[in-house]
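J.: One structure coming up, written as structure tokens, with questions to follow.
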Amino acid sequence: MIKIFYQCLILKTLLLGVLSAHAQNSTSEATLQQASALSVYQSEQQLEQLSNETSERKLSPASARTPLDAILGFRKYLRAGDFAVAAQYLDLRYVPEEIAAIEPKDLAQALAFVWTKQNVLDISVLSDSPQGHLDDDLPSYRDQVGEVQLSETVVPIFLQRIPDKQSDYVWRISNATVLLIPNMWEEHGYSQWAIWLAQTLPPFMLLGMTNWQAFSMLLALGLFWVISGLIARLMTWLSLRIPNKFPLAITHFWSLPMRIIIYVALLRIAIEQLGLSVTARVYLQSSPLEYLAVTVFIVALLTLWRDYKFRQLERSGELHLTALLRPLVLMVKIIVVIVAILAWAKNAGFNISTLIAGLGVGSLAIALAAQRTMENIIGAVTIYAARPIRPGDLCRFGELKGTVEEIGLRSVTVRTLDRTRVFIPNAKFAADQVENISVRDRIRFLKHLQIQMPTSEQLRVILGELREMLSAHPKVLPDTISVRLVDIEAATAVFRIDAGIMTTDYQTYLAIAEDLNLRIIETVHENGAIFSGPGQVLQVRDFHKASEETMSEVTAKLDGWRDSQQLPFPDVSEERKTEIEGSLIYPPAGSPDR
9 MIKIFYQCLI LKTLLLGVLS AHAQNSTSEA TLQQASALSV YQSEQQLEQL
59 SNETSERKLS PASARTPLDA ILGFRKYLRA GDFAVAAQYL DLRYVPEEIA
109 AIEPKDLAQA LAFVWTKQNV LDISVLSDSP QGHLDDDLPS YRDQVGEVQL
159 SETVVPIFLQ RIPDKQSDYV WRISNATVLL IPNMWEEHGY SQWAIWLAQT
209 LPPFMLLGMT NWQAFSMLLA LGLFWVISGL IARLMTWLSL RIPNKFPLAI
259 THFWSLPMRI IIYVALLRIA IEQLGLSVTA RVYLQSSPLE YLAVTVFIVA
309 LLTLWRDYKF RQLERSGELH LTALLRPLVL MVKIIVVIVA ILAWAKNAGF
359 NISTLIAGLG VGSLAIALAA QRTMENIIGA VTIYAARPIR PGDLCRFGEL
409 KGTVEEIGLR SVTVRTLDRT RVFIPNAKFA ADQVENISVR DRIRFLKHLQ
459 IQMPTSEQLR VILGELREML SAHPKVLPDT ISVRLVDIEA ATAVFRIDAG
509 IMTTDYQTYL AIAEDLNLRI IETVHENGAI FSGPGQVLQV RDFHKASEET
559 MSEVTAKLDG WRDSQQLPFP DVSEERKTEI EGSLIYPPAG SPDR
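Residues in the sequence shown are numbered from 9 upward in steps of one, following the working numbering.
Given below as structure tokens:
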């Protein structure tokens, strides 16, 4: 084991910049979760400032009178590449022969690498007193600066105060810790491939990564992009084997969003396998790459859902809803991007409270400035959600009557019967009463007729024949028929005729109403009665009377109804309705539609 360990410690590049101090003190993964890129950067600046302030102090192994001096000196010589001097900060007294056989500089490099892989150092907790911390439940000659988590135990990293040659005391890394350096390296050290690569490459540091780690990471950035592209192509090919109606959307979904997700996942695996220090992992995991990938993925899902809804609306004949769907999806995308930016900023260590407060004030100002616009947008959402109208519907809005052409984010466009266009704000349209004429299931036929006062026999026959005529008409709903003598005004009889016409098309209704009107006129005149208009009646001659022949026919009809017990009062019998239902010819004989 010693031989392997000795070979592994020949790297002089391991400790360039190790033991960089950071803003927090924790261990293992807890340290990684608590640290942020901003805190790491700020603490490094603080450490540089502290190093500059203490530059006048002679940092050497012989002058390490305090724990702070020992750590600053150890860091100084490691960064300078003077590993032999850095090794003098190790307490090598009373160590076993197998440990003593290892080069001290290799022990220093190995300890520094393993320690920084799981720890960050808080300079503020290091004592600048020659006695060290006396209230840490440790012996007075010992301070703890961190620990290394092994699979079966935890190795504390101790500083220890020992006597020097001048009968004074200096601080060193405890021999109790040095004794366990081989065990720590065996579990957390580099592979043979990494050692060869580190020897081959020139020494340098990048974002807390040693030369071979930085090279491997840069190589992975390019290689994994190519690999993720190949995987995305394969998944696209497999997805298109399944029948679908929007292959272009699926192709786009796999070509970029899912490729980025795969790419980031591969990079995460690389970060875990490279054995990076806490510093490097904090920098890499605080990068916006993962947030960018998740954001692109969510935005792509929203786009895919939007395209699916477009196809669905197209099949259902509701393409007008796309006018609202597109801006709504865009607003959701904007919200997703803002949330992702805030989440990344918080993870990176920025104080987002001020940013959120600013966004709140800005949003309030925008809402007040665009109050009318927001009312119209909310009105559009209300209209689309409740769907009281649709493009193509004939509506009445107050005194306005026309056809809805478009429902936009700001207004509803109505084409009037005079072929003019009227733009009604959505907020007003959603708040006021709107009559949708196009959604009626039938059209009402309602007439109030005034007939110059005939005899009661004539009235009975006219009422009966009108009821039978409407019941027999194929375009009149039988359950809606109502024919009544409702009033007598100024020597005129007032008839109320009410029926439902089986059509929703207004032009068709006019044709049916025309046929009914003609049949009503025929019925009235055939029974010797005439129509009368509104107004006062000045009698200067006798009222119109039917001829004796007509009156005989009227009397015969009444007698026939009485004899067959089919007198249509108060209404036509159900048997008679069933018998005559749809028996009239409509359109009448001789019309082009027959």
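Think of the CB as a built atom: it goes at the ideal place given N, C-alpha and C, for glycine as much as any other residue. Quick caveat, the model's predicted, so the values are computed rather than measured.
What is the DSSP secondary structure of E582, reduced to helix, strand or coil?
T.: E582: helix per DSSP, three-state reduction.
J.: Below 8 Å between beta carbons: does that hold for T512 and I451?
T.: The answer is yes: Cβ separation under 8 Å.
J.: Report back the beta-carbon spacing between F503 and L457 to the nearest angstrom; my notes put them in contact at under 8 Å.
T.: Contact holds; Cβ gap of about 4 Å.
J.: Quick check on the burial criterion: 16 or more other C-beta atoms within 10 angstroms. Buried or exposed for L248?
T.: By the 10 Å Cβ count, L248 comes out exposed.
J.: At the level of alpha carbons, what is the spacing between V178 and E280?
T.: The straight-line gap from Cα to Cα measures roughly 38 Å.
J.: Would you call the segment 458-467 in contact with the segment 420-427, where contact means no fewer than 3 C-beta pairs closer than 8 Å?
T.: In short, these stretches do not touch, since the Cβ pair count stays below three.
J.: Using a threshold of 8 Å, state whether the C-beta atoms of T74 and P164 are closer than that.
T.: Not a contact, by the Cβ cut-off of 8 Å.
J.: Rank Y299, L417 and L321 by C-alpha distance to the C-alpha of M339 and give the top, closest one.
T.: It is L417 whose Cα lies nearest to the Cα of M339.
J.: Throw me the rounded Cβ distance for the A120 and L86 pair, which I believe falls under 8 Å.
T.: That pair is a contact at about 6 Å.
J.: How big is the Cα-Cα spacing for N535 and M510?
T.: Approximately 28 Å, taken between the alpha carbons.
J.: Per DSSP, what kind of secondary structure is D77 in: helix, strand or coil?
T.: D77 falls in the helix class under three-state DSSP.
J.: Determine the closest residue to V93 out of M192, W262 and R83, with distance taken between C-alpha atoms.
T.: Selected option, being the one with the closest Cα: R83.
J.: Can you tell me which residues form a DSSP beta bridge with A501?
T.: I459 and I496.
J.: Which of helix, strand or coil does DSSP assign to D571?
T.: Reduced to three states, the DSSP call for D571 is helix.
J.: Roughly how many whole angstroms lie between the Cα atoms of L115 and D90?
T.: Distance between the alpha carbons of L115 and D90: 13 Å.
J.: Using the Cα positions of G154 and P112, report the straight-line distance between them to the nearest angstrom.
T.: When rounded, the distance between both Cα atoms is 21 Å.
J.: Could you say if the segment 262-281 and the segment 294-303 meet the contact criterion of at least three C-beta pairs nearer than 8 Å?
T.: Flag = yes, the segment 262-281 and the segment 294-303 touch.
J.: Measure from the alpha carbon of R475 to the alpha carbon of each residue in E497, A501, A498 and D506, then state which is nearest.
T.: When only C-alpha atoms are compared, the closest one is D506.
J.: Relative to the alpha-carbon of L214, which residue among V580, Q207 and A222 has its alpha-carbon at the smallest distance?
T.: L214 has its Cα closest to that of A222, out of V580, Q207 and A222.
J.: What three-state label does DSSP hand Y392 in the structure shown?
T.: The answer is helix: DSSP assigns Y392 an H, G or I state.
J.: Run through the segment 160-209 for me and flag every whole alpha helix (DSSP H) of 4 or more residues, listed as ranges in chain order.
T.: Taking only runs of at least 4 residues, the alpha helix (DSSP H) segments lying wholly in the segment 160-209 are 183-186, 189-196 and 200-208.
J.: In whole angstroms, what separates the C-alpha of L605 from that of S159?
T.: Nothing about residue 605 can be read from this structure; the chain reaches only from 9 to 602.
J.: Measure the C-alpha to C-alpha separation of A31 and A257 and round it to an integer number of angstroms.
T.: At A31 the pLDDT is 30, less than 50, meaning the model places this residue with poor confidence; the figure from the coordinates comes in the next sentence. Taking the straight line joining both Cα atoms gives about 46 Å.
J.: G237 by DSSP, collapsed to three states: which one?
T.: Note: G237 maps to helix in three-state DSSP.
J.: What are the start and end residues of the alpha helix (DSSP H) that includes S419?
T.: From DSSP, S419 is part of no alpha helix (DSSP H) but of the beta strand (DSSP E) over S419 to T424.
J.: Give every residue of the same chain whose Cβ lies closer than 6 Å to the Cβ of T185, excluding the five residues on either side of it in the sequence, and list them in chain order.
T.: Hits under 6 Å: I165 and F166.
J.: Restricting to Cα atoms, I'd like to know which of R584, S555 and A438 is closest to A480.
T.: That would be R584, whose Cα lies nearest to the Cα of A480.
J.: Rounded to whole angstroms, what is the Cα-Cα separation between I538 and R492?
T.: So the alpha carbons of these two residues sit roughly 17 Å apart.
J.: Return helix, strand or coil for V447, following the three-state DSSP convention.
T.: Coil at V447, not helix or strand.
J.: With which residues is M217 paired in a DSSP beta bridge?
T.: Partner(s): L214.
J.: To the nearest angstrom, how far is it from the Cα of F305 to the Cα of I189?
T.: Using only the alpha carbons, I get a separation of about 45 Å.
J.: Hey, N183 and Y102: beta-carbon distance below 8 Å or not?
T.: Yes; because the gap between Cβ atoms is below 8 Å, this pair is in contact.
J.: For R400, which of helix, strand or coil comes out of DSSP?
T.: Inspection of the sequence shows that residue 400 is occupied by Gly rather than by Arg. The answer is coil: DSSP assigns G400 none of H, G, I, E or B.
J.: Applying the 10 Å Cβ sphere with the 16-neighbour rule, what's the burial state of N252?
T.: Exposed: under 16 other Cβ atoms inside 10 Å.
J.: Go to G416, then tell me how far its beta strand (DSSP E) extends in each direction, as first and last residue.
T.: Where G416 is concerned, there is no enclosing beta strand (DSSP E), given that its DSSP letter is neither H nor E.
J.: Relative to the C-alpha of L467, which candidate in I343, L575 and P595 has its C-alpha closest?
T.: When each option's Cα is compared against that of L467, the closest is L575.
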